[in-house]
Amino acid sequence: MVNYIIRRFLILPFILFGVTVLVFSMIMMLGPYQRLSTYINDPAQLKGGDLDELVAKHGLDDPWYEQYGRWIGGVLQGDFGWSESAGQPVTEAIFSRFPATLELALFAVIPVVMGGIWLGVLSAVHHNQKFDHIIRIVSTVGWSFPTFVFGLMVLMVFYGMLGWFPPGRLGADAAAVVRSAEFIQYTGLNVLDGILNLEFSVVVDAFRHLIGPIVTLAIVWWSYILRITRSSMLETLRKDYIRTARAKGVAEKFVINKHARRNALIPVVTVAGPMVLGLLGGVVIVESVFGYRGIGQYAAQAAQQLDYSGILGVAMYFSFLLILINLIVDVSYAVIDPRIRLE
Amino acid sequence: MEWKEIFGRLLTNKLSLFGLIIILFFVLVAVFAPFLAPPRSPEDAYEIPRAGWQVEPQPPREGYPFGTAQGSYDIFYGMVWGTRTAFRIGIIVVGLSSFIGISIGTISAYYGGKIDEFFMRITDVFMSIPFLVAAMVLTTILGKGLDNVMIALVTFGWMSTARLMRSQVLEIKNEEFVQASIALGAKDHRIIFKHIIANCIFPVLIQAFMRMGSMVITASALSFLGVGAPEGYADWGQMITFARDWILGGQGSALKYWYTVVIPGAAIMFFSLSWNLLGDAFRDILDPKLK
Amino acid sequence: MNFLSKEALVEVKNLKTYFYTEEGVVKAVDGVDYEIYPGETLGIVGESGCGKSVTSLSIMRLVESPPGRIEAGEINFGGRDLTKITEKEMRKIRGNDISMIFQEPMTSLNPVYTVGDQIMEAIMLHKKVDRKEARRQAIDMLTKVGIPLPEQRVDEYPHQLSGGMRQRVMIAMALSCDPQLLIADEPTTALDVTIQAQILELMNSLKESYGMSIMMITHDLGVIAEVSDRVAVMYAGKVVEYTDVDTLFEDPKHPYTWGLMNSIPKLDKDVDRLEAIPGSVPSPLNFPEGCKFNTRCPLAEGKCFDEEPPLEEAAAGHKVRCWRYEDLEEIKKRGERIYEDRGVQK
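Chains as they are written, first to last, in my numbering: chain A, 5 to 347; chain B, 137 to 427; chain C, 641 to 986.
In structure tokens, the structure reads:
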């Protein structure tokens, strides 16, 4: 296992390098004027200054490897340039919106994973019975549903019609409370902060605004996890060692939960990577639909307004996050499966 | 398994039959578009005609069975010609990206060693950027428009096929009949094409079906976000772009503009669903143990 | 050993296990009778698809249901009919009074639990002992099945052991609760020949020390000869010959058994050519009328195509299901062959 983990860590820098090269080559598809914003942090310079001068100053006409070096230098210091659409340096724009997206993602992942796995196992156990059929249909439809359409429909019914789940992140009153001096933002996650500050009105309000996005985000990925778990479980239940367990007199409940499930979940862990990848994309749509002020909404705005540095900054940060999570998933996979752990 | 048998089974399975019928419906709509929604002129076929200059969407009424979206665009027209757009996107994107993926996956697995490492690292790198975000970056840089959307989707959409094909080829590579072929002295290319691809193609085909749906969804999402098809273009996603503002516009009257969301949204959903059902059914048929 | 005076440990009477599939009803086991006595090994031999595995799964009530079902018959054990007791009661018997080991040791053990855990599971399930004691017993079992360094092996995972060792672990697991009957379904088929011999020897010696019975299911006549006391030959879901092992080899009365015996070379017989039974087992969805062997039997005529022969006693302790077994006797006495010359030359 140690070998396996070491290998993964060794490849890491190459992949990071590769991603920077990929992103950089996309940047280089732009003309020098357009690229200015990825280098300069001060808007005054961009608006007032002589662009040609700036281009020369920042060497935007230099050979590409020199430019790459300079750009990477900036990136390593966390400098992604200026974001037109946000009116802030890119890094600032992203980090200020990070807690919102984190809160959304965390609250979405939990029902997705737990619900998806639980129902996937149940569905496999009741293979081909009515329950299984219903679950299959629901999850297939869920998987086929375009996120933004689903989100809009949720908005339409639950906000437009019922007024229960408003768009945005906090209502006016709760926002005032959060911004007030007495309220300490420990984490930046409104629900958590609300609990820690014992301001339950904030908790409730934050929650009301979260439900729509969470459900919309979750429906697709819950279906995905469910389908994978189900088919993995079905395959596992056909294995010889399940028959052995039954032949020993093990009760069916334990055959499923002890013998089958652990094995069935091993392949499910491997899809955690693609799932996070998809979640990071889904976040963009969901936040746009619900007007939820997070990184995703920022990315959509940046793209719409041709804010190159903005969208590139988001791409880079998301990539780093994804690579990190993939690494964690790979390591967990090695730990969970004794066949790999003990190599 | 014989193709005839596969097709027969596809028809008997209720869910796949449902999927097939829906696809057939969409195909018919696409084929007969000029009759169902006559364009003003052949060059402008994809430009949705406008019923007037009203900004507010109007519900279904005489002459406009699906109503009009913001800017008085005829929704029915957009739906009909949007079907062609959807197929165009699906076929081109899935076709090209699958081709790239199959090629890379096969070469990578067949030749192994450093070539395999190289291609797999490249695949890893491409897979490190979330798909939608990567597509957004590319469309921002290339410019808006459906063609650029397709380029973006192909550029970042080949990896899953490459990986799948690679694992399939790796499994087959060591099978005896390939070794036998090599022993008989067959040249490299013949081995690759004839034996390996023919045997590996099914899971990739299934995946391609699923991707028809997901690519169209992604493309419409990009249009919805405003980086895809331009305003007034016959594309399902584009038609929903402005719907959000009207829904949020006035409480209690949200359902008033239901047709701006539900009709195009249902089309996207059913398009994707039908391909998913087909892919599912295909998978069940080829691996009955997992039914 | 004279078994007939003792009472049978397991008595299978007219067992019928059918599978209801999309293509039709598969009568995998169609009216099978046999007995297993204490301390003996009953061999069940036949080609694949003859129903031998299904009858053992029926005894354990591990038949996949749906689509399988025990249609009729009795399985008498310990004064009860196993087909009629509840699932809960059946679980107390599995792994405890009756144990089973399977063909594929490579895949029959759970890869994510240690070998020791899996043996201990059986022990703690049926005996009232704590983990510490169960572990001690597990190590003890590993020693008994001849695994070196058992204190170390007990914490290892299945993938760390070879095929032969895994089969030993399976045996250890099966015997950990001191069963009265061990059902072995092709236990050596997936193993190397040399390992095969070791495993069979192990099973025999354990049978002695545990005083248990073994039901050995196999298609390999060599295995039958080596371990069985009595044998039931199965074909197309029925028992076609049933006697002790020596008689079976010396004096087979059913044309099918005769064909099996003469299709393998023997050291003490000099033949120019081997006989081989032509054709193959009919599809269970399409069994012929009358005797199920009539599609391949060279002696089949008249009645054989109309009516199924009953399993009747041709001699003391020797049952046969054939209309023409007496004719076969005559042919044998004349030293003739009944199957055409085919197959391998000596």
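The beta carbon of each residue, even a glycine, is placed where N, CA and C say it ideally should be. None of the values given here were measured: they were computed from a predicted structure.
Contacts between P171 (chain A) and chain B, judged by CB atoms closer than 8 Å, involve L384 in chain order.
Rounded to whole angstroms, the gap between the alpha carbons of Y875 (chain C) and C690 (chain C) is 5 Å. Membership of T259 (chain B) in the alpha helix (DSSP H) is indicated by the continuous run 249-262.
Beta-bridge annotation (DSSP): I265 (chain B) is not paired with any residue. Going by DSSP, K959 (chain C) is part of the beta strand (DSSP E) stretching over 958-960. Pairing A417 (chain B) with G218 (chain B) gives a Cβ-Cβ distance that is not under 9 Å. DSSP, read as helix, strand or coil, puts K280 (chain B) in coil.
A distance below 9 Å separates the beta carbons of G803 (chain C) and D832 (chain C). In this structure, the beta-carbon distance from V285 (chain B) to A319 (chain A) does not fall below 9 Å.
Among the residues facing chain B, Q133 (chain A) is not included, as its CB has no counterpart in that chain under 9 Å away. The residue among A:I98, A:F21, A:I344, A:I15 with its C-alpha nearest the C-alpha of S313 (chain A) is A:I98. Along the stretch 809-882 of chain C, the beta strand (DSSP E) occurs as fully enclosed runs of 3 or more residues at 821-825, 853-858, 870-875, listed in sequence order. Closest in C-alpha terms to Q38 (chain A), from the list B:M375, B:T276, B:V167, B:L146, comes B:T276.
Rounded to the nearest whole angstrom, the CA to CA distance from G281 (chain B) to V229 (chain B) is 15 Å.
When C-beta distances to chain C are compared with 9 Å, the residues of the stretch 237-255 of chain A below that value are K243, D244, Y245, I246, R247, T248, A249, R250, A251, K252, G253, V254, A255, in chain order. With contacts defined as CB atoms closer than 9 Å, F223 (chain B) and F162 (chain B) qualify as a contacting pair.
Exposure of F258 (chain A) is indicated by the presence of fewer than 16 other C-beta atoms within 10 angstroms of its C-beta. When C-beta distances to chain B are compared with 7 Å, the residues of the stretch 285-318 of chain A below that value are G285, V288, I289, S292, V293, A303, A304, A307, Q308, L310, Y312, I315, L316, V318, in chain order. If you ignore the 5 residues before and after L20 (chain A), its C-beta comes within less than 8 Å of the C-beta of F324, I327, all in its own chain and listed in chain order. Take K767 (chain C), set aside five residues on each side of it, and the residues of its chain with a beta-carbon closer than 7 Å to its own are C817, in chain order. The alpha-carbon of L153 (chain B) is positioned some 6 Å away from that of L146 (chain B). Excluding sequence positions up to five before and after F322 (chain A), its CB lies within less than 7 Å of the CB of L284, all in the same chain and listed in chain order. With a minimum length of 4 residues, the unbroken runs of alpha helix (DSSP H) contained wholly in the stretch 291-333 of chain A fall at 299-308. For the C-beta of H263 (chain A), the chain C residues within less than 7 Å are, from N- to C-terminus, N750. Per DSSP, reduced to three states, the secondary structure at F659 (chain C) is strand. Just so you know, the alpha carbons of V333 (chain A) and M351 (chain B) end up roughly 26 Å apart.
The continuous stretches of alpha helix (DSSP H) do not include T723 (chain C), and DSSP gives it neither H nor E. Contact fails between the stretch 288-305 of chain A and the stretch 758-765 of chain C, because fewer than three Cβ pairs, one in each stretch, are under 8 Å apart. Three or more Cβ pairs drawn from the stretch 281-297 of chain A and the stretch 101-119 of chain A lie within less than 8 Å of each other, which places the two stretches in contact. Taking a beta-carbon distance threshold of 9 Å, W147 (chain A) counts as an interface residue toward chain B. At a cut-off of 9 Å, the C-beta of D260 (chain B) has a neighbouring C-beta in chain A.
Proximity of P196 (chain B) to chain A, defined by a Cβ-Cβ separation below 9 Å, is not satisfied. With a threshold of 9 Å between beta carbons, N267 (chain A) makes contact with chain C. Taking 7 Å as the cut-off between beta carbons, none of the residues of the stretch 287-299 of chain B comes near chain A. At a Cβ-Cβ threshold of 9 Å, I978 (chain C) and M856 (chain C) do not count as neighbours. Within its own chain, the residues whose Cβ lies closer than 8 Å to the Cβ of S853 (chain C), once the five positions on either side in sequence are excluded, are L649, V650, I676, Y677, P678, G679, E680, T681, L682, Q820, L821, L822, K847, listed in chain order.
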